[in-house]
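Protein chains: 2
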Amino acid sequence: MESDVSANSRLTIAAHALTWIGLYQRRGHEVATSEQIATSVNTNPVVIRRLLAKLSKAGLADSRRGAGAGWMLARDLAAITLLDVYQAIEPGPVFALHPATPDPECVVGHGIGPAMTAVYDQVEAALRRELAKTTLEDVLRDVLKAA
Amino acid sequence: MESDVSANSRLTIAAHALTWIGLYQRRGHEVATSEQIATSVNTNPVVIRRLLAKLSKAGLADSRRGAGAGWMLARDLAAITLLDVYQAIEPGPVFALHPATPDPECVVGHGIGPAMTAVYDQVEAALRRELAKTTLEDVLRDVLKAA
DNA sequence: CTAGTCGTAACGATAGTTGTTACAACTGCA
DNA sequence: TGCAGTTGTAACAACTATCGTTACGACTAG
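If you read the sequences in order, they're chains A and B. Residue numbering for the first sequence is 28 to 174, as defined by our numbering. Residue numbering for the second sequence is 28 to 174, as defined by our numbering.
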C-alpha cells in the first residue's frame, strides 16, 4: 500500500534546523554550519542549505559567507511561530481543485469548484491558526524537557 | 497540465463523484456509471472506479455489477461529511517526521520528534474538525446555488 | 447467451523530493 | 596577499507517487 514517505517532512526538518541554530547560539556560538545541522538532522548539507535559503528569503534566518561562515537566526526563537516556518517553505495549499477542468455543462462540474474552495479556505485557516499557536521557543522547551 | 504544486486533488474528485451520484439518484436514476462520472470530472473511468473502490470499502458508496450496473450512495448525502470522505481516501497524515532518524546523541535530534508530533496531532485534529462541519448535502446546496 | 459494467492488474509518462557531486563566490585570518 | 572554509546553486541520478490508459476476467439483467 501507500507508505507515508510522500508525506511532508519539510516542516519538521525546518523546525529542527532553526531550533538547532537557536540552541547553538544560546550556548555561545555565533553561527552554525550546514554540516553541523545536517549531522543532527541526518541528511546532506545541501538539503539544509536549500531549506535555509527559503527561510532566509522569508526573513527567519541569515547567512554569513566566507571563512567562519554559517547560519544564524534573524529573530529570537520566541518570535518565530511554526506558521512562519510553514509559510516560508510550503507555497501551495493542502488541498487542490481538479487538475483538469471539469465539465462546465454539468451542474456539479460547474459548481463544485467554488463550493470546495470555500471549504478549503476554512480548513487552511484552521490549520494556520493551529500552527501559529506554537513558537520555536515552545518547541525548544519541549525538546529540553524530553532530555 | 496545470503547473500546480503536487497538491492533493483527491478529496475534490471524491466529493465531486459522490455529489454527482447523489444528484443523479435524486433525479430518479438508480445507479451512475463510472463513465458518466468521469465525463463530469473530466478524467478516465478507471480513475473514478479506483477512487470509488476506496469509498466503497469505507461504507460510503456501493456498486452493482453485471448489466445495468453502476454506483449508488450507501448513505444519504446529508449523512456523509467531508471528514468521512477524507478518511476514506487519505491514509497518511498531512505532516511527517524525518524520513531518516535524526542523531540521537544530539539533544535536538533526540527530542524534536515527540515535540513535533504533539503539534501535528493538534493540527490534524483541527483539520478534521473543520472537514466534519461540511456534509455533501451542504456541498450540493452550494453547487445548485451557484448554477 | 449477450451486452454492458465493475474490479483490478499492468504499463508508460509525468512530476516532486532527496541525496549527491561539483564548483564558483565570498571572506576572515595568518 | 593567499589560503582555507563555507555558502549558493546548478546538475544529475534514484526513488516514489500519481495519473491516464489499455486490457481482460468477473459478474448479472434481460
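A virtual CB, placed ideally from N, CA and C, is assigned to each residue, including glycine. Just so we're clear, the structure is a prediction, and the values are computed from it rather than from any experiment.
Quick one: list the residues of chain B neighbouring residue i, beta-carbon separation under 7 Å, in chain order.
| i | result |
| --- | --- |
| A/Glu21 | Because residue 21 of chain A is not part of the residues shown, which for chain A are 28 to 174, the question remains open. |
| A/Trp47 | Val135 |
| A/Thr162 | Neighbours of A/Thr162 on chain B: none; closest Cβ ~11 Å, over 7 Å. |
| A/Val112 | The contacting residues do not exist; A/Val112 stays about 11 Å from chain B at best. |
Note down, in chain order, every chain B residue with its Cβ under 8 Å from the Cβ of residue i.
| i | result |
| --- | --- |
| A/Ser36 | Phe122, Ala123, Leu124, His125 and Pro126 |
| A/Asn69 | His125, Ala127, Thr128, Pro129, Asp130 and Gly136 |
| A/Val58 | Within 8 Å Cβ-Cβ: nothing; A/Val58 doesn't reach chain B, min ~16 Å. |
| A/Leu139 | According to the sequence shown, residue 139 of chain A is Ile rather than Leu. Neighbours of A/Ile139 on chain B, chain order: Thr39, Ala42, His43, Thr46, Val166 and Val170. |
| A/Ala101 | Under the 8 Å cutoff, chain B gives no residues; its nearest Cβ is about 19 Å from A/Ala101. |
Going by DSSP, which residues form a beta bridge with residue i?
| i | result |
| --- | --- |
| A/Thr162 | A/Thr108 |
| A/Met99 | A/Asp89 |
| A/Asn35 | B/Phe122 |
Could you give the distance in angstroms between the alpha-carbon of residue i and the alpha-carbon of residue j?
| i | j | result |
| --- | --- | --- |
| A/Ala152 | A/Thr144 | 12 Å |
| B/Ala41 | B/Thr108 | 12 Å |
| A/Val150 | B/Ala105 | 20 Å |
| A/Leu87 | B/Gln114 | 35 Å |
| A/Asp130 | B/Val68 | 6 Å |
| B/Pro72 | A/Val134 | 19 Å |
| A/Arg155 | A/Thr39 | 16 Å |
| A/Ser61 | B/Pro118 | 34 Å |
| B/Tyr51 | B/Ala59 | 7 Å |
| B/Leu163 | B/Ala44 | 11 Å |
| B/Asp89 | A/Asp148 | 30 Å |
| A/Arg92 | A/Val121 | 35 Å |
| A/Glu157 | B/Gln63 | 40 Å |
| B/Arg37 | A/Arg54 | 47 Å |
| A/Lys81 | A/Glu57 | 21 Å |
| A/Leu171 | A/Ala96 | 27 Å |
| A/Ser83 | B/Glu132 | 28 Å |
Can you name the residues of chain A whose CB is closer than 9 Å to the CB of residue i?
| i | result |
| --- | --- |
| B/Ala105 | Neighbours of B/Ala105 on chain A: none; closest Cβ ~15 Å, over 9 Å. |
| B/Ala174 | Val134, His137 and Gly138 |
| B/Ala88 | Under the 9 Å cutoff, chain A gives no residues; its nearest Cβ is about 15 Å from B/Ala88. |
| B/Ala96 | Within chain A, no residue comes near B/Ala96; the closest Cβ sits about 21 Å away, beyond 9 Å. |
From which residue to which residue does the alpha helix (DSSP H) around residue i run?
| i | result |
| --- | --- |
| A/Ala65 | Ser61 to Val68 |
| B/Val74 | Pro72 to Lys84 |
What residues from chain B crowd round residue i, counting only those whose CB sits closer than 9 Å?
| i | result |
| --- | --- |
| A/Val73 | The premise fails here: A/Val73 is roughly 15 Å from chain B at the closest Cβ pair, so nothing lies under 9 Å. |
| A/Leu50 | Val134 and Val135 |
Should residue i and residue j be called a contact, given that it needs their Cβ atoms to be closer than 8 Å?
| i | j | result |
| --- | --- | --- |
| A/Asn35 | B/Ala94 | no |
| B/Val75 | B/Ala85 | The sequence shown places Ile at residue 75 of chain B, rather than the Val named in the question. Cβ atoms of B/Ile75 and B/Ala85: not closer than 8 Å. |
| B/Leu100 | B/Ala159 | no |
| B/Ala142 | A/Asp169 | yes |
| A/Ile116 | A/Leu167 | no |
| B/Thr46 | A/Ala127 | no |
| B/His125 | A/Ala173 | no |
| A/Val146 | B/Thr161 | yes |
| B/Ile139 | B/Trp98 | no |
Which residues in chain A sit within 8 Å of residue i, going by Cβ to Cβ distance?
| i | result |
| --- | --- |
| B/Thr66 | Asp130 and Cys133 |
| B/Ala80 | Chain A residues near B/Ala80: none, gap ~13 Å exceeds 8 Å. |
Could you check whether the Cβ of residue i sits closer than 7 Å to any heavy atom belonging to the ligand MN?
| i | result |
| --- | --- |
| A/Lys81 | Here there are no bound small molecules, and the ligand MN is not part of this structure. |
For residue i, return the contacting residues in chain A, with the cut-off set at a CB-CB distance below 7 Å.
| i | result |
| --- | --- |
| B/Leu109 | Val146 |
| B/Ile40 | His125 |
| B/Ala115 | Near B/Ala115 there are no residues of chain A at all, since even the closest Cβ is about 13 Å away, more than 7 Å. |
| B/Ala85 | Those within 7 Å of B/Ala85 in chain A number zero; the least Cβ separation is about 15 Å. |
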